[in-house]
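To start, the structure under review is shown below, and the notes come after it.
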Amino acid sequence: MAKAFDDNERKLIKDKLKEGALLFIQQQGVRKTSVDELVKYANISKGAFYLFYTSKELQHGYSNNKLEKEFLNAINKHTDNITVDTLTDIISDLLINNKPYFVSVFVNSDVEYLSRKLPQEVLSKHVDDDVMLANEVLKFIPESKSIDTKVFAGALRAAFLTILNEKTIGTDIYNEVFKFIVRGIVQQLFKD
Numbered sequence: 001m002a003k004a005f006d007d008n009e010r011k012l013i014k015d016k017l018k019e020g021a022l023l024f025i026q027q028q029g030v031r032k033t034s035v036d037e038l039v040k041y042a043n044i045s046k047g048a049f050y051l052f053y054t055s056k057e058l059q060h061g062y063s064n065n066k067l068e069k070e071f072l073n074a075i076n077k078h079t080d081n082i083t084v085d086t087l088t089d090i091i092s093d094l095l096i097n098n099k100p101y102f103v104s105v106f107v108n109s110d111v112e113y114l115s116r117k118l119p120q121e122v123l124s125k126h127v128d129d130d131v132m133l134a135n136e137v138l139k140f141i142p143e144s145k146s147i148d149t150k151v152f153a154g155a156l157r158a159a160f161l162t163i164l165n166e167k168t169i170g171t172d173i174y175n176e177v178f179k180f181i182v183r184g185i186v187q188q189l190f191k192d
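Residue numbers (my numbering): 1 to 192.
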């Protein structure tokens with residue numbers, strides 16, 4: 001009988017699975033990433049994989065959590081001086097620095113695929129997490145306008161979805177256009 005993983009082993013394996021998932025998702029998308037690739041990367045058996053996740057699609061949430069943490073860490077560095085420019089740069093840098101991930105998820109139709117594969121409560125949690133993140137952002141804005149955080153979170157999701165049309169917008173100007181759109185969204189948070 002195989003021995004169970006201790007807490008340290010579980011953490012190391014889970015970290016390795018998350019790292020592998022992010023790497024493979026960026027390279028080939030969620031749909032084309034196989035459990036076999038992930039277990040080989042983490043050096044565990046396929047059966048052991050299911051001790052950590054019930055499906056490869058549920059691992060996708062790690063990437064979102066990682067991006068949220070990265071975003072909040074960037075905001076926390078500027079708690080004393082959040083301005084329109086600072087917040088615009090933080091949001092724009094998030095997309096630009098993680099572009100391979102967003103391209104993979106949005107361009108490879110992984111959003112549609114995940115919408116079919118993930119349980120509704122997981123999908124709802126992603127939207128709820130976006131709203132919670134929007135609430136966190138508003139805490140750092142001195143004298144922010146009264147704004148519906150669902151609208152703010154939805155506007156940012158819509159801005160990120162422009163990556164689907166990067167070629168139509170113009171690959172050479174896409175980053176500047178994205179930043180322009182984000183700046184318009186962010187300006188609406190601040191009192192004049």
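Think of the CB as a built atom: it goes at the ideal place given N, C-alpha and C, for glycine as much as any other residue. Remember, predicted model here, so these are calculated numbers, not experimental data.
- Under the three-state reduction of DSSP, S104 is assigned to helix.
- Counting along the chain, the unbroken alpha helix (DSSP H) around T149 starts and ends at 149 to 160.
- Sixteen is the threshold: when 16 or more other Cβ atoms of the shown chains lie within 10 Å of the Cβ of V137, as they do, the residue is buried.
- In the three-state reduction of the DSSP assignment, S144 falls in the strand class.
- The segment 120 to 136 makes contact with the segment 149 to 160, as at least three CB pairs between them are under 8 Å.
- In this model, Q26 and S115 are separated by some 18 Å (Cα to Cα).
- In this structure, E37 places its C-beta atom within 9 Å of the C-beta atom of F24.
- Between I163 and F71, the gap from beta carbon to beta carbon reaches 9 Å or more.
- The C-beta distance from Q188 to I147 rounds to 7 Å, short enough to meet the 8 Å contact threshold.
- If you look at Q188, you'll find it isn't in any alpha helix (DSSP H); DSSP assigns it neither H nor E.
- Minimum Cα-Cα distance from I91 among the listed residues Y50, V182, F190 corresponds to V182.
- Taking C-beta atoms as the reference points, K16 and Y41 count as a pair closer than 9 Å.
- Taking 9 Å as the cut-off, the beta carbon of P119 is found no closer than this to the beta carbon of I82.
- Assignment of Y53 by DSSP, reduced to helix, strand and coil, places it in the coil class.
- Put simply, the backbone Cα of N97 is about 18 Å away from that of Q28.
- With respect to K145, D89 sits apart: the two C-beta atoms are not nearer than 9 Å.
- By the criterion of a C-beta distance shorter than 7 Å, L51 is surrounded by no residue of its chain, once the five residues flanking it on both sides are discounted.
- Within the same chain, and ignoring the five residues on either side of N43 in sequence, the residues whose Cβ sits closer than 8 Å to its Cβ are K16.
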